[in-house]
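Its first residue numbered 137, the sequence shown is counted upward by one per residue in this note's numbering. No residue lacks a Cβ here, since even glycine has one placed at the ideal position from N, Cα and C. Remember, predicted model here, so these are calculated numbers, not experimental data. Below is one structure, written out as structure tokens, with a few remarks after it.
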Amino acid sequence: MVQNLDRLEIGSIVFSDIEILIGQLPKPFSRYQIDGILGGDILKNLTLILNYPEKRLRIEKQIVSC
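See the structure below:
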């Protein structure tokens, strides 16, 4: 499922008018750990917390610079 977001902030990085892809989610209040590269920073232990009843997406992160 693809969703549009007006604004997404990860630390000091801000994205405007972006699309995010959400796969099948097994249950409300799910947590997912992902790793990836964003610009010159390596994102470690990025956790997405999805709260369906309140329609919220919370992102917890630790950013380590290269």
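- Look at S152 here: in three-state DSSP terms it is strand.
- With contacts defined by Cβ atoms closer than 8 Å, I154 and L141 form a contacting pair.
- Where E145 is concerned, the enclosing beta strand (DSSP E) starts and stops at V138 to I146.
- When DSSP states are grouped into helix, strand and coil, E196 belongs to the strand group.
- Linking R194 to Q139 through their CA atoms gives a straight-line distance of about 15 Å.
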